[in-house]
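Asker:
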Amino acid sequence: MYPLNMILSLFLACITLSSHAQPSNEFDDSFIGEQLEKATNDPNNRVVLDIDQPIEVVFRSLLSELSSYSDDVVSTTFDNSKSNRLNELDTGSRRVTIMENTNMLVQKIILFDPPYSFAYFTEMSESTISAPIDYSIGLYKFSEQANGRTTVEVSAAYKASSRLTGFLVRFAFNRAFEQDFGRAEKYLNSIERK
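Numbering (this note's numbering), first residue to last: 1 to 194.
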């Protein structure tokens, strides 16, 4: 899988900034809030997954078990030093994903309501992966159905770092988004129901 595909997978994964993009500290809370609203109401991408697993299993897997369904991910850990709840996973924590090529993707948790939703903003200035995107937000919403299955809606908001390459970025992002979440859905539906 290509780095852009993986990042989107981390949208399952998400995205990173190119070297020409603004550092994440230039994106204030107001801007991030606006982009989270965009991911909610008018996303660049949206996919719905139907998974035959309890909501807690699906939430945990899509949040922290990326290496189970992504070939390029070696590990996913959390840095909770900036969490709203001291040293516990919550809003403000950073999800740190190490890729097979040793590149690192850092995503700030901006919404955390387990097992119903989480969202992240990619911390481009702290990540070592580069892609032609200025920023990205991933929003995951989970709902458990009466039959015990879980529906997941994953939405993304992002901005290509160049208008000239915007069309290509959208094309690649759309393709990777569908493929990566399809892979996650297939993996989760293949494991023994817990």
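In this text, a Cβ means the ideal position worked out from N, Cα and C, and glycines have one as well.
On a predicted model such as this, the values are computed, not experimentally measured, just so you know.
Residue ranges of each beta strand (DSSP E) run of no fewer than 3 residues wholly in the region 49-135, ordered along the chain?
Answerer: You should have 73-79, 94-99, 104-113, 117-122.
Asker: Taking C-beta to C-beta, are L111 and L36 nearer than 8 Å?
Answerer: In this structure, L36 lies closer than 8 Å to L111 by Cβ.
Asker: Find the nearest neighbour of S117 within the set A131, E126, S61, S30, judged by alpha-carbon distance.
Answerer: S117 has its Cα closest to that of S61, out of A131, E126, S61, S30.
Asker: Quick one: Cα of F31 to Cα of F181, how far?
Answerer: Those two C-alpha atoms are separated by around 27 Å.
Asker: Going by C-alpha to C-alpha distance, which of N80, M99, I137, S83 sits closest to T128?
Answerer: If we check each option's Cα against that of T128, M99 comes out closest.
Asker: Need the endpoints of the alpha helix (DSSP H) that T40 sits in, please.
Answerer: Where T40 is concerned, the enclosing alpha helix (DSSP H) stretches over 29-41.
Asker: Once the 5 residues before and after R149 are set aside, which same chain residues still bring their CB inside 7 Å of it?
Answerer: Only D50, I51, D52 meet the Cβ criterion.
Asker: Taking Cβ positions, are V96 and F78 nearer each other than 8 Å?
Answerer: Taking 8 Å as the Cβ cut-off, V96 and F78 qualify as a contacting pair.
Asker: With a Cβ-Cβ cutoff of 8 Å, do N45 and F142 count as a contact?
Answerer: For N45 and F142, no; Cβs fall outside 8 Å.
Asker: With H, G and I counted as helix, E and B as strand and the rest as coil, what does DSSP make of R163?
Answerer: In this structure, R163 counts as coil in the three-state DSSP scheme.
Asker: Rounded to the nearest angstrom, what separates E153 and L63 at their Cα positions?
Answerer: Near 13 Å, if we compare the C-alpha coordinates of L63 and E153.
Asker: Which one or two residues does DSSP pair with R46 in a beta bridge?
Answerer: BP columns for R46 point to S155.
Asker: Do R156 and P132 have their C-beta atoms within less than 8 Å of each other?
Answerer: Here residue 156 is Ala; the residue named in the question, Arg, does not match the sequence. It is not a contact, given that the beta carbons lie outside the stated cut-off.
Asker: According to DSSP, Y140 sits in a beta bridge with which residue or residues?
Answerer: In DSSP, Y140 forms a bridge with F118, V154.
Asker: When the Cα atoms are used, what is the spatial distance from V47 to E178?
Answerer: Going from the Cα of V47 to the Cα of E178 covers about 7 Å.
Asker: Just the C-alpha distance for P43 and R170, rounded to the nearest angstrom, thanks.
Answerer: Looking at the two C-alpha atoms, the distance is approximately 12 Å.
Asker: May I have the straight-line CA-CA distance separating S81 from S93, to the nearest angstrom?
Answerer: If you take the alpha carbons of S81 and S93, they lie about 7 Å apart.
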